[in-house]
Amino acid sequence: MIYADKSAGIIVTGATGRQGAFHIALMNEYARNIGGTGVVAGVTPGKGGQEICGVPVYNSIRDAIAECDAEVSVIFVPAGAAGDSVMESASAGLSLAVTITEHIPVHDTMKAIAYAKLHDCAVIGPNCPGLLSPGEIKLGIMPAHLFSRGNIGVISRSGTLTYEIVDELTKAGLGQSTVVGIGGDPVIGQTFSDVLRRFEEDDQTKAVILIGEVGGALEEEGARSTDLPIAAYIAGISAPPEKRMGHAGAIIEGGEGDARSKIERLRKMEVPVASRPSEIPGIIRKLL
Amino acid sequence: MKFLEHEAKLVFADNGIPVPHGVLIRSADELAGHLDTLPFEFVLKAQVDVGGRGKAGGILMADKKNGVATARDLFGTTIKGVPVREILAEERLEILHEYFASIAVDRSTKEALILFTEEGGVDIETLARERPSAIRRASVSLLMTEIPPFMLRDLIGKAPKEAGKILQSLYTVFRRKDAVLAEINPLVTTPSGIFAADAKLIVDDNALKRQGISQNRDLTEREREAEKHGFSYVELIGNIGVIGNGAGLTMATLDLIDFFDGKAANFLDVGGGADQERVKHAVQLVAGVPSVRVIIVNLLGGITRCDEVARGIIDAGISQEVIVRLAGTNEEEGKCLLMEKGYRMLDSMEQAVRAAVEAVR
Numbered sequence: 195m196i197y198a199d200k201s202a203g204i205i206v207t208g209a210t211g212r213q214g215a216f217h218i219a220l221m222n223e224y225a226r227n228i229g230g231t232g233v234v235a236g237v238t239p240g241k242g243g244q245e246i247c248g249v250p251v252y253n254s255i256r257d258a259i260a261e262c263d264a265e266v267s268v269i270f271v272p273a274g275a276a277g278d279s280v281m282e283s284a285s286a287g288l289s290l291a292v293t294i295t296e297h298i299p300v301h302d303t304m305k306a307i308a309y310a311k312l313h314d315c316a317v318i319g320p321n322c323p324g325l326l327s328p329g330e331i332k333l334g335i336m337p338a339h340l341f342s343r344g345n346i347g348v349i350s351r352s353g354t355l356t357y358e359i360v361d362e363l364t365k366a367g368l369g370q371s372t373v374v375g376i377g378g379d380p381v382i383g384q385t386f387s388d389v390l391r392r393f394e395e396d397d398q399t400k401a402v403i404l405i406g407e408v409g410g411a412l413e414e415e416g417a418r419s420t421d422l423p424i425a426a427y428i429a430g431i432s433a434p435p436e437k438r439m440g441h442a443g444a445i446i447e448g449g450e451g452d453a454r455s456k457i458e459r460l461r462k463m464e465v466p467v468a469s470r471p472s473e474i475p476g477i478i479r480k481l482l
Numbered sequence: 003m004k005f006l007e008h009e010a011k012l013v014f015a016d017n018g019i020p021v022p023h024g025v026l027i028r029s030a031d032e033l034a035g036h037l038d039t040l041p042f043e044f045v046l047k048a049q050v051d052v053g054g055r056g057k058a059g060g061i062l063m064a065d066k067k068n069g070v071a072t073a074r075d076l077f078g079t080t081i082k083g084v085p086v087r088e089i090l091a092e093e094r095l096e097i098l099h100e101y102f103a104s105i106a107v108d109r110s111t112k113e114a115l116i117l118f119t120e121e122g123g124v125d126i127e128t129l130a131r132e133r134p135s136a137i138r139r140a141s142v143s144l145l146m147t148e149i150p151p152f153m154l155r156d157l158i159g160k161a162p163k164e165a166g167k168i169l170q171s172l173y174t175v176f177r178r179k180d181a182v183l184a185e186i187n188p189l190v191t192t193p194s195g196i197f198a199a200d201a202k203l204i205v206d207d208n209a210l211k212r213q214g215i216s217q218n219r220d221l222t223e224r225e226r227e228a229e230k231h232g233f234s235y236v237e238l239i240g241n242i243g244v245i246g247n248g249a250g251l252t253m254a255t256l257d258l259i260d261f262f263d264g265k266a267a268n269f270l271d272v273g274g275g276a277d278q279e280r281v282k283h284a285v286q287l288v289a290g291v292p293s294v295r296v297i298i299v300n301l302l303g304g305i306t307r308c309d310e311v312a313r314g315i316i317d318a319g320i321s322q323e324v325i326v327r328l329a330g331t332n333e334e335e336g337k338c339l340l341m342e343k344g345y346r347m348l349d350s351m352e353q354a355v356r357a358a359v360e361a362v363r
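Top to bottom, those sequences are chains Z and V. Residue numbers for the first sequence follow the working numbering, beginning at 195 and rising by one. Residue numbers for the second sequence follow the working numbering, beginning at 3 and rising by one.
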């Protein structure tokens, strides 16, 4: 388990929106099943005093923590105001802001991450499914039924592809310690190297899978930074250059960060790279 | 979204960056009416969004005598496949020295990366490869509203101090316009001062709305249609239509098709929470591509409801075969609906991809 354990109180911002409300219920269902604290408060400016799925709603994070014990926030606020919600989380002293929202203007993301860093608040995302430590805590929107507890760490830039790979792992009898979706945007808070540093301090985690995509060089940076046994899968080997595949993360910039050269660089560092998701369990077994 | 040169120059000029005097024309005849405002010698620059425009014949020297005829020739051409619809007619600069200035979003530092070199006028990528030390760099947190003076001094080196002011203005443009890239290549000194001879500006697609831009020009018509439905769509060359949820999973599906020697016709990510209507539109959109012979729908439900997806596929009523892989919420119900209508439902994405590749063989 990294970042937060079952005792952590969760604040959901953007609580009264469709997504926010839906996932408050799912996160609390998960917490109830494993005996965790779950979501203690929702926040939507102007909607204070309401209740969503049995959770009290406050006008601000400051109001919420005055009455509830909370350490982390999960942000569902619409794109235009999500950066603000990250800064509000940091300013209120929360240790972690998990940002689910997609399509946040990149300048907002950069400002929010810089501000959060000044306040020692880690940002996961944006444009991510959150994180799940099986048996401990679920922060975000990952479908819990695919997960099982174990000692494989997973760090991923994708959402559904993560579920695909977690499903393969679970079916192969390989449980997970923590699965972190770091987000698909070009600029994200916690990167592969940040999460790997946390895994290094986690006794439960024995090996880590990096699920990367075309674009940037964060996967290589992460692989270089750690002594943990790692394996990787990189999506986008068939992606044509200069084409945006779905979200901002998956674009090749002027020949940099295309999947083939990324895979080559990882293999040079002796990181085994799966050529398809179904190969991952076999590769991981060899690492253990 | 990329701004064209003349649009970027307008933004630069508004923020105090000197640009050459020029006029935008949409026909050769229009140039005739503007000749009075131009010096005897000028340059005609095709306003097309392609790299290597000069080498591809998109920039022509002209003068008052031959200008209209030269413009007519340029309007008749295509530059790397893009037809010339607008030309910027601009005073010809007497260049003494060329510099390069650029500000971009840097993924690894999460800050604005500022680049400057006194050795402009060459291919900047070549310079970066061969003599990286010739390019000076600095990183600025977007929490800072200005580049600090010490950084400017370090960046410009022996260049005239106006270059520092221009870098500062370029940073203002970068911030005001939600830019992912603001670049001057080359920045030139002339006997009459310093000018941005070319201008590049790319605005963050996620900020178009607050920048007052209603339509992203960089998209093709089908891509724009897809965007209206909230899909991410990219056209490729192949015969297997692909619909997935989530960019990573959809990309992995394309990669698997490639792995089994198939050819994908497109990339379509329906996004999260795809309902019946959206799935129907997605299937119809992909089925409308003439080369598509089979469609693979690969959806892993986090928040996607499989029964709704199944109804969407059935409602689309298309003629091509659809091979489905569905997993997630309400999975069994979705499966039942599809089996009843005789659709092939496979358990893993690998099986589904193999089946699709075999179907077009």
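Here a beta-carbon is modelled for each residue, glycine too, at the ideal position from N, C-alpha and C. Predicted model only: the values in this text are computed from it and were never measured.
C-beta atoms of residue i and residue j nearer than 8 Å
{"i": "residue 276/V", "j": "residue 293/V", "result": "no"}
{"i": "residue 106/V", "j": "residue 183/V", "result": "yes"}
{"i": "residue 59/V", "j": "residue 79/V", "result": "yes"}
{"i": "residue 185/Z", "j": "residue 199/Z", "result": "Absent from the structure is residue 185/Z, since the part of chain Z shown begins at 195 and ends at 482."}
{"i": "residue 425/Z", "j": "residue 482/Z", "result": "no"}
{"i": "residue 327/Z", "j": "residue 291/Z", "result": "no"}
{"i": "residue 205/Z", "j": "residue 237/Z", "result": "yes"}
{"i": "residue 348/V", "j": "residue 316/V", "result": "no"}
{"i": "residue 27/V", "j": "residue 81/V", "result": "no"}
{"i": "residue 255/Z", "j": "residue 233/Z", "result": "no"}
{"i": "residue 273/V", "j": "residue 308/V", "result": "no"}
{"i": "residue 61/V", "j": "residue 45/V", "result": "yes"}
Coarse secondary structure for residue i, derived from DSSP in three states
{"i": "residue 250/Z", "result": "strand"}
{"i": "residue 298/V", "result": "strand"}
{"i": "residue 398/Z", "result": "coil"}
{"i": "residue 470/Z", "result": "coil"}
{"i": "residue 181/V", "result": "strand"}
{"i": "residue 222/Z", "result": "helix"}
{"i": "residue 63/V", "result": "strand"}
{"i": "residue 158/V", "result": "helix"}
{"i": "residue 105/V", "result": "strand"}
{"i": "residue 460/Z", "result": "helix"}
{"i": "residue 175/V", "result": "helix"}
{"i": "residue 334/Z", "result": "strand"}
{"i": "residue 267/Z", "result": "strand"}
{"i": "residue 197/Z", "result": "coil"}
Classification of residue i by the beta-carbon crowding that lies within 10 angstroms, buried from 16 upward
{"i": "residue 225/Z", "result": "buried"}
{"i": "residue 448/Z", "result": "Unreliable placement is indicated for residue 448/Z, whose pLDDT of 44 sits below 50; no coordinate value is reported for it."}
{"i": "residue 152/V", "result": "exposed"}
{"i": "residue 322/Z", "result": "buried"}
{"i": "residue 351/V", "result": "buried"}
{"i": "residue 315/Z", "result": "buried"}
{"i": "residue 47/V", "result": "buried"}
{"i": "residue 227/Z", "result": "exposed"}
{"i": "residue 421/Z", "result": "exposed"}
{"i": "residue 300/V", "result": "buried"}
{"i": "residue 252/V", "result": "buried"}
{"i": "residue 193/V", "result": "exposed"}
{"i": "residue 463/Z", "result": "exposed"}
{"i": "residue 85/V", "result": "exposed"}
{"i": "residue 230/Z", "result": "buried"}
{"i": "residue 363/V", "result": "exposed"}
{"i": "residue 223/V", "result": "exposed"}
{"i": "residue 443/Z", "result": "A caution first: residue 443/Z carries a pLDDT of 46, below 50, which makes its placement in the model unreliable, though a value can still be read off. Result: buried."}
Any C-beta of chain C under 8 Å from that of residue i
{"i": "residue 57/V", "result": "Given the protein chain composition of this structure (Z and V), no chain C is represented."}
Do the region 193-208 of chain V and the region 236-244 of chain V meet, that is, are 3 or more Cβ pairs less than 8 Å apart?
They do not touch, by the three-pair rule.
Just to confirm the assignment: which complete alpha helix (DSSP H) runs, minimum length 4, are found wholly within the region 299-356 of chain V?
Given a length threshold of 4 residues, each whole run of the alpha helix (DSSP H) inside the region 299-356 of chain V is given here in chain order: 308-318, 333-342.
Only counting runs of 3 or more residues, tell me where the beta strand (DSSP E) segments fall wholly within the region 191-268 of chain V, in order along the chain.
Taken in chain order, the unbroken stretches of beta strand (DSSP E) that lie wholly in the region 191-268 of chain V and span 3 residues or more are 195-198, 202-205, 234-237, 242-246.
Where in the region 274-298 of chain Z do unbroken runs of the alpha helix (DSSP H), each at least 4 residues long, occur, reported from the N-terminal end onward?
The alpha helix (DSSP H) runs lying completely inside the region 274-298 of chain Z and spanning 4 residues or more number zero.
Could you tell me which whole beta strand (DSSP E) segments of length 3 or greater appear in the region 349-420 of chain Z?
Every beta strand (DSSP E) stretch that sits fully inside the region 349-420 of chain Z and reaches 3 residues is listed by chain position as 370-375, 401-407.
contact_flag[the region 364-384 of chain Z, the region 415-434 of chain Z] where n(CB pairs < 8 Å) is 3 or more:
Contact between the region 364-384 of chain Z and the region 415-434 of chain Z is absent: fewer than 3 CB-CB pairs across the two stretches fall below 8 Å.
Any 3 or more C-beta pairs closer than 8 Å across the region 263-279 of chain Z and the region 294-310 of chain Z:
Yes, since at least three Cβ pairs between the region 263-279 of chain Z and the region 294-310 of chain Z fall closer than 8 Å, the two stretches touch.
Can you list, in chain order, the stretches of the alpha helix (DSSP H) that have 4 or more residues and sit fully within the region 7-60 of chain V?
For the region 7-60 of chain V, whole alpha helix (DSSP H) runs of length 4 or above, ordered along the chain, are 7-16, 30-36.
Complete alpha helix (DSSP H) runs within the region 93-150 of chain V (minimum length 4 residues, chain order):
Qualifying alpha helix (DSSP H) stretches, in chain order: 126-132.
Three or more C-beta pairs under 8 Å: does that hold for the region 348-356 of chain Z against the region 397-413 of chain Z?
Taking a contact to require three or more Cβ pairs closer than 8 Å, the region 348-356 of chain Z and the region 397-413 of chain Z qualify as touching.
Could you check whether the region 112-122 of chain V touches the region 130-144 of chain V, counting it as contact only if at least three pairs of C-beta atoms, one from each stretch, sit closer than 8 Å?
Yes: the two stretches touch, three or more of their Cβ pairs being nearer than 8 Å.
Assess, as a yes-or-no matter, whether the region 282-292 of chain V is touched by the region 316-332 of chain V under the definition of 3 or more beta carbon pairs within less than 8 Å.
Inter-segment contact for the region 316-332 of chain V and the region 282-292 of chain V is present: three or more beta-carbon pairs are separated by less than 8 Å.
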